[in-house]
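A short write-up of the structure that comes next.
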Amino acid sequence: MREALAEARAAGEAGEMPCGAVVVLEGEIVGRGRARHKARGTRLAHAEVEALLDGGEAVLRRHSECVLVATVEPCPLCLGAAVMADVPHIVFAAYDRQAGIPGTVEREPYVRGHIDTYRGGVLEAESLALIAELDPGLLQALRPAAQKDSG
């Protein structure tokens, strides 16, 4: 997760959303990604998608052993990319309560059939602090309404 946070910092410092991701295989990073919407001129340049693509042959051949690690809970696009890449393990830091992804993983048989591990909250405080520093607007979007009102 610390490497994903480093990717997020690099993205934020480049003027992008501070989101980062890595793909891990046998304890080694095989793919890295960060948000690059502005740099690539597309809303599709999400950190998780970039990390999965960067994983290349390792993700193609050994997908069932890979773990996608992200600083923010995957959005529907990124969850779909993980499902289509057959990467069954997803670990993330900050929850995105607006996206409703845990419900999708639990409810949708197709998605549930591809995702074995879906775990959030890993180094969540560090991720939220980074987001607060580099993109407070994103922090507001991630927080549930009850937290927005109280703080």
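Position 105 of the sequence shown, counting from 1, maps to 116 under this note's numbering, and the rest follow consecutively. Every residue gets a Cβ at the ideal spot worked out from N, C-alpha and C, and that includes glycine. All figures in this text were calculated on a predicted structure; none of them were measured in a lab.
Asked: Cα-Cα separation between residue 106 and residue 131, rounded to whole angstroms; Found: 7 Å
Asked: Collapsed DSSP secondary structure at residue 142 in the structure displayed; Found: helix
Asked: Enclosing beta strand (DSSP E) for residue 100 [first to last residue]; Found: 100-105
Asked: Buried or exposed by the 16-neighbour rule on C-beta atoms within 10 Å, applied to residue 149; Found: buried
Asked: Supposed close pair residue 44, residue 59 - CB separation, criterion 8 Å; Found: 6 Å
Asked: Any 3 or more C-beta pairs closer than 8 Å across the region 23-38 and the region 73-81; Found: yes
Asked: Length at least 3, wholly inside the region 45-114: the beta strand (DSSP E) runs in chain order; Found: 78-83 and 100-105
Asked: Per-residue burial, residue 12 [other beta carbons within 10 Å of its own, 16 or more giving buried]; Found: buried
Asked: Bridge-paired residues (DSSP) for residue 36; Found: 39
Asked: Contact under 7 Å by Cβ, residue 110 with residue 32; Found: no
Asked: Through-space distance from residue 17 to residue 88, alpha-carbon basis; Found: 22 Å
Asked: Between the CA atoms of residue 151 and residue 141 - distance to the nearest angstrom; Found: 13 Å
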